[in-house]
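**Student:** Take the sequence shown: its position 47, counted from the start at 1, is 46 in numbering that gives the first Met the number 0, and no numbers get skipped. Don't be surprised by glycine CBs; every beta carbon is placed ideally from N, CA and C.
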Amino acid sequence: MSLRPTIDFLLYDWLRVPQLQSRERFADHSRETFDAVLDTCERIARDKYAPFNRTVDIEEPKFDGEKVILPQATHDACKAYAESGMLSAAQDYEIGGMQLPYTVEAAANAFFAMASVSIGSGMLTTGNANLLMAHGTDLQKKVFALNEFNGRFSGTMCLSEPQAGSSLSDVATRAVPDGADHQSDPLGPRYRLRGNKMWISAGEHELTENIIHLVLAKIPDANGQLVPGVKGISLFIVPKKMVDVNGQLTGERNDVALAGLNHKCGWRGTTNTLLNFGEGKYPVPSTGSGQAVPGAIGYLVGQPGEGLKCMFHMMNEARIGVGMAGYYASLDYARNRPQGRAMGVGGKNAASPQVRIIEHADVKRMLLAQKSYSEGALALALYCARLVDEQHTAGAEAAEEARLLLEVLTPIAKSFPSEWCLEANSLAIQIHGGYGYTRDFPVEQYWRDNRLNMIHEGTHGIQAMDLLGRKVLMEDGQGLKRLAARMQATMAGASDDWQAEARQLADALQQVGAATQAAWQGAEPAQALANAVPYLQAFGHTVIAWIWLDVVQSAQGDAPAQVGRRAAARYFFRYELPKIGAWLQVVSRRDPTCADVPEDAF
Ligand SMILES: Cc1cc2nc3c(=O)[nH]c(=O)nc-3n(C[C@H](O)[C@H](O)[C@H](O)COP(=O)(O)OP(=O)(O)OC[C@H]3O[C@@H](n4cnc5c(N)ncnc54)[C@H](O)[C@@H]3O)c2cc1C
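What follows is the structure, encoded as structure tokens:
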């Protein structure tokens, strides 16, 4: 089964992406150029990623005391990805980019996420380089970002520490100025960093000439104290190997050492590391005395104290496409696995031939659930990507609207696919029965690989507090108001046979609005936010119901794919959306059951 028809439908029939051609930045593009990018990515994902998904799971990264060893397949896949030009797809022509709309870039990357999310496709590198393009100096862009775009270097993001995960204000890595002339380094104000960074993806490997770490650290005040809170956090470029102003390796190693590899449940194709910065394993000569001393050299990016703000620039769209692989595998299995007999009038006839399990209503239920979660999540991700293009290339008013919508939709774009595409993977195992629970079929790996999504880049609980505690309130609730207006426009445009669903969505929207108010009415933040996750779930289901209602307005005719889309949408409205009542009840009455249970009662 191919993802391509779904991508084509969403990009062309629903989002009408070729209309972006009217923007100056995309003037050279057309459906032909978009198709060429999609063709290339689909081919590389099929040839270099999908066949090796199991290989990279079995051959976990190993440290031989000097180097991290990865399977040859990972080297080949990453090389093919870099050669495709996708690392710099959205960049300007003048630096070798394609000026591709982000919507198309995101859609093209979905092929890799489906073929092997575990190998990864360089999204950390692109995100790292994009951040430098936004916040770096001209030389930082040239030396670091451009060499990431061309595939010579790769990138990481180093936020987490063993004692600071969700709570980044507790980051303890220190950065002190490196010598009296530290301000005059052409690569940026030069600091020495000391500290440990935990969970760093792609933190050590031999896939590229160099690894460019973007590291959050605190610059101590005049008394040598670290400033409490996130305001004290700054951002630094810390290359694994030192480079000169032309981006050439100087031959010196920076003081960044691998302390160990983490052995993960899934996503094993990508290394995950504990890194020690500045412990003295690779002392670096100081510019003054020339004497080698401990401390990792880092170049400040942007202003001191603005590190976290810059870091949020690193968007990660890895969740796109998750869930689809499991759906396709279980669909294929269900079409071929004979088991049980049809229920005729008066019961089953044991003498009749077996049916394939796709003929059982309950198996169809599980397939439709997977389809509604994963295609709904994919549609939402592409809708958000389209908003990113609006934000960057539309007129001022439309760009501002896109910004506000993205503020409120981002926690949903991160949480809905994480939770419900994982459920889709679980249902894929269920459809395979006992075989799904073995390593002879791929679905258990899909589940393990995607179990990460509710944890990294902000756990579910943190996304929920961001939504209810900040996003729906910020700027006088403008984000929520704009979202409601978009939903109302979809309801108003719904065709006759979708009127019942349009009314159901109006009711859901009203319930979400009322619960938002009730949660905050005269409440302390701790009370209002105690049930933030059920709120996030209800909000997410309302958003996906809206997305489906909007999508099916473009799904006309009797072609099987369109019938399938309409069935998935109906499934979502009838089996899923009603769940929001239970979720919102505890939010509205600020149910204290969880918050008040004493610890010793557990
Ligand atoms: C495979 C993998 C790859 C990763 N890659 C990177 C990377 O490349 N770079 C990087 O910097 N980090 C990375 N991370 C780290 C990831 O961002 C953290 O694991 C995540 O932020 C959670 O931090 P923690 O693990 O310390 O959990 P904790 O913060 O200790 O959270 C544990 C639990 O407590 C809950 N919790 C915590 N605080 C609160 C609160 N205030 N209110 C309510 N609930 C709360 C959380 O929701 C969670 O369920 C990666 C993690 C993994 C597992």
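(1) Count the other CB atoms within 10 Å of the CB of Val242; is the residue buried (16 or more) or exposed (fewer)?
(2) For Asn108, count neighbouring Cβ atoms within 10 angstroms of its own Cβ and tell me buried if that reaches 16, exposed if not.
(3) Rounded C-beta distance between Ala427 and Gly325? I'm assuming under 8 Å.
(4) Can you find a heavy atom of ligand 1 that lies under 6 Å from the Cβ of Thr458?
(5) In the structure shown, what three-state DSSP assignment does Glu316 receive?
(6) Does the separation of the CB atoms of Gln503 and Phe572 fall below 7 Å?
(7) Out of curiosity, what's the CA-to-CA distance linking Ser288 and Gly178?
(8) Between the segment 259–269 and the segment 86–95, do at least 3 Cβ pairs fall closer than 8 Å?
(9) Measuring alpha carbon to alpha carbon, tell me which of Glu500, Glu418, Leu213 ends up nearest Leu548.
(10) Less than 7 Å between the beta carbons of Arg53 and Gly265, yes or no?
(11) Cα-Cα, which of Glu65, Ile430, Gly343, Gly294 is closest to Asp361?
(12) Kindly confirm or deny that the segment 151–158 and the segment 197–212 touch, where touching means at least three C-beta pairs closer than 8 Å.
(13) Going by the C-beta, is Met156 closer than 6 Å to any heavy atom of ligand 2?
(14) With DSSP as the reference, label Glu598 as helix, strand or coil.
(15) Spatial neighbours of Pro337 within its chain, please: C-beta separation below 6 Å, excluding the five flanking residues on both sides.
(16) Expressed to the nearest angstrom, what Euclidean distance is found between the alpha-carbon atoms of Val586 and Leu467?
(17) Going straight from the alpha carbon of Gly435 to that of Asn195, what length do you get?
(18) Pull up the CB-CB distance for Lys217 and Val170, whole angstroms please, since I reckon it's below 8 Å.
(19) Where Thr409 and Ala26 are concerned, what is the direct C-alpha to C-alpha distance, given to the nearest angstrom?
(20) Apart from the five residues on each side of it in sequence, which residues of its chain come closer than 7 Å, Cβ to Cβ, to Gln561?
(21) Do the CB positions of Ala114 and Leu131 come within less than 7 Å of each other?
(22) How long is the line joining the alpha carbons of Ala49 and Val407, rounded to whole angstroms?
(23) I'd like to know whether the C-beta atoms of Gly301 and Cys309 end up nearer to each other than 7 Å.
(24) Compare the Cα-Cα distances from Ile6 to each of Ala594, Leu377, Asn335, Thr269 and report the closest residue.
(25) Less than 6 Å between C-beta atoms, sequence neighbours within five positions excluded: which residues of the same chain meet that for Arg385?
(26) Between the Cα of Val226 and the Cα atoms of Gly187, Leu206, Lys240, Thr172, which residue gives the shortest distance?
(27) Under the assumption that Ala544 contacts Leu576 (Cβ atoms under 8 Å), give the Cβ distance between them as a whole number of angstroms.
(28) Could you give the DSSP three-state label for Trp198: helix, strand or coil?
(29) Could you check the C-alpha separation between Pro591 and Trp519 for me, to the nearest Å?
(30) On the three-pair Cβ rule with 8 Å, is the segment 114–123 touching the segment 71–80?
(31) Can you tell me where the alpha helix (DSSP H) with Arg173 in it begins and where it stops?
(32) Drop a sphere of 10 angstroms on the beta-carbon of Glu316, count the other beta-carbons inside from all chains shown, and report buried for 16 or more, exposed for fewer.
(33) Could you pull out every residue in the same chain whose Cβ sits closer than 7 Å to the Cβ of Gln182, ignoring the five residues on either side in sequence?
(34) Assign Glu474 to buried or exposed, taking buried as 16 or more other Cβ atoms, counted over all protein chains shown, within 10 Å of its Cβ.
(35) Residue ranges of each alpha helix (DSSP H) run of no fewer than 4 residues wholly in the segment 90–155, ordered along the chain?
(36) What residues match up with Val237 in a beta bridge as DSSP calls it?
**Tutor:** From the atom records:
(1) Mapped onto the sequence shown, residue 242 falls at position 243. Label assigned to Val242: buried.
(2) The residue given as residue 108 occupies position 109 in the sequence shown. Burial call: buried.
(3) Position 428 of the sequence shown holds residue 427. Position 326 of the sequence shown holds residue 325. Right, their Cβ atoms sit about 3 Å apart.
(4) For the purposes of this step, residue 458 is taken as the residue at position 459 of the sequence shown. Within the cutoff, so yes.
(5) In the sequence shown, residue 316 corresponds to position 317, counting from 1. Confidence at Glu316 is low in this model, with a pLDDT of 45, below 50, so the placement of that residue should be treated as unreliable; the coordinate-derived value is given next. Coil, per DSSP.
(6) Along the sequence shown, read from residue 1 onward, the residue named residue 503 stands at position 504. Along the sequence shown, read from residue 1 onward, the residue named residue 572 stands at position 573. Taking 7 Å as the Cβ cut-off, Gln503 and Phe572 qualify as a contacting pair.
(7) If you number the sequence shown from 1, residue 288 lands on position 289. If you number the sequence shown from 1, residue 178 lands on position 179. Roughly 10 Å separates the two Cα atoms.
(8) no
(9) On the sequence shown, residue 548 is found 549 positions in, with the first residue counted as 1. The shortest Cα separation from Leu548 among Glu500, Glu418, Leu213 belongs to Glu500.
(10) Translated into positions along the sequence shown, residue 53 becomes position 54. Translated into positions along the sequence shown, residue 265 becomes position 266. Gly265 is positioned such that its CB atom lies no closer than 7 Å to that of Arg53.
(11) Taking the sequence shown and counting its residues from 1, one reaches residue 361 at position 362. With distances taken between Cα atoms, Asp361 lies closest to Ile430.
(12) yes
(13) Absent from the structure shown: ligand 2. Ligands present: ligand 1.
(14) By one-based count along the sequence shown, residue 598 stands at place 599. Here Glu598 sits in helix by DSSP.
(15) The count along the sequence shown starts at 1 and reaches residue 337 at position 338. Gln353, Arg355, listed in sequence order.
(16) Sequence index remark: in the sequence shown, residue 586 carries index 587 (1-based). Sequence index remark: in the sequence shown, residue 467 carries index 468 (1-based). When rounded, the distance between both Cα atoms is 10 Å.
(17) By 1-based counting over the sequence shown, the position of residue 435 is 436. By 1-based counting over the sequence shown, the position of residue 195 is 196. Each residue's Cα considered, the two are about 39 Å apart.
(18) In the sequence shown, counting from the first residue as 1, residue 217 sits at position 218. In the sequence shown, counting from the first residue as 1, residue 170 sits at position 171. Sure, about 6 Å apart at Cβ, within 8 Å.
(19) On the sequence shown, position 410 is the one that residue 409 refers to. On the sequence shown, position 27 is the one that residue 26 refers to. Cα to Cα, the separation comes out at about 28 Å.
(20) Translated into the one-based positions of the sequence shown, residue 561 becomes position 562. If the five residues before and after Gln561 are omitted, its C-beta is found closer than 7 Å to the C-beta atoms of Ala554, Gln555, all from its own chain and listed in chain order.
(21) As a working mapping, residue 114 is identified with position 115 in the sequence shown. As a working mapping, residue 131 is identified with position 132 in the sequence shown. It is not a contact, given that the beta carbons lie outside the stated cut-off.
(22) Locating residue 49 in the sequence shown gives position 50, counting from the first residue. Locating residue 407 in the sequence shown gives position 408, counting from the first residue. Each residue's alpha carbon lies about 34 Å from the other.
(23) By 1-based counting over the sequence shown, the position of residue 301 is 302. By 1-based counting over the sequence shown, the position of residue 309 is 310. It is a contact, given that the beta carbons lie within the stated cut-off.
(24) Taking the sequence shown and counting its residues from 1, one reaches residue 6 at position 7. If we check each option's Cα against that of Ile6, Leu377 comes out closest.
(25) The residue you call residue 385 lines up with position 386 of the sequence shown. The answer, listed in chain order, is Leu14, Thr102.
(26) Taking the first residue of the sequence shown as 1, we reach residue 226 at position 227. When only C-alpha atoms are compared, the closest one is Thr172.
(27) Within the sequence shown, numbered from 1, the residue matching residue 544 stands at position 545. Within the sequence shown, numbered from 1, the residue matching residue 576 stands at position 577. The pair is a contact, with the Cβ atoms about 5 Å apart (cut-off 8 Å).
(28) Along the sequence shown, read from residue 1 onward, the residue named residue 198 stands at position 199. Trp198: strand per DSSP, three-state reduction.
(29) Counted from its first residue, the sequence shown places residue 591 at position 592. Counted from its first residue, the sequence shown places residue 519 at position 520. Cα to Cα, Pro591 sits roughly 14 Å from Trp519.
(30) yes
(31) Here residue 173 refers to the residue found at position 174 of the sequence shown. No alpha helix (DSSP H) holds Arg173; the beta strand (DSSP E) holding it covers 173–176.
(32) For the purposes of this step, residue 316 is taken as residue 317 along the sequence shown, with counting starting at 1. A caution first: Glu316 carries a pLDDT of 45, below 50, which makes its placement in the model too unreliable to give a value.
(33) As a position in the sequence shown, residue 182 is number 183, starting the count at 1. Around Gln182, the same chain offers Pro188 as residues with beta carbons nearer than 7 Å, after the five sequence neighbours per side are excluded.
(34) Position 475 of the sequence shown, counted from the first residue, corresponds to residue 474. Exposed.
(35) Secondary structure within the segment 90–155: the alpha helix (DSSP H) runs of 4 or more consecutive residues, fully enclosed, are 101–115, 122–134, 145–148 (chain order).
(36) Taking the sequence shown and counting its residues from 1, the one referred to as residue 237 is at position 238. Paired residue(s): His212.
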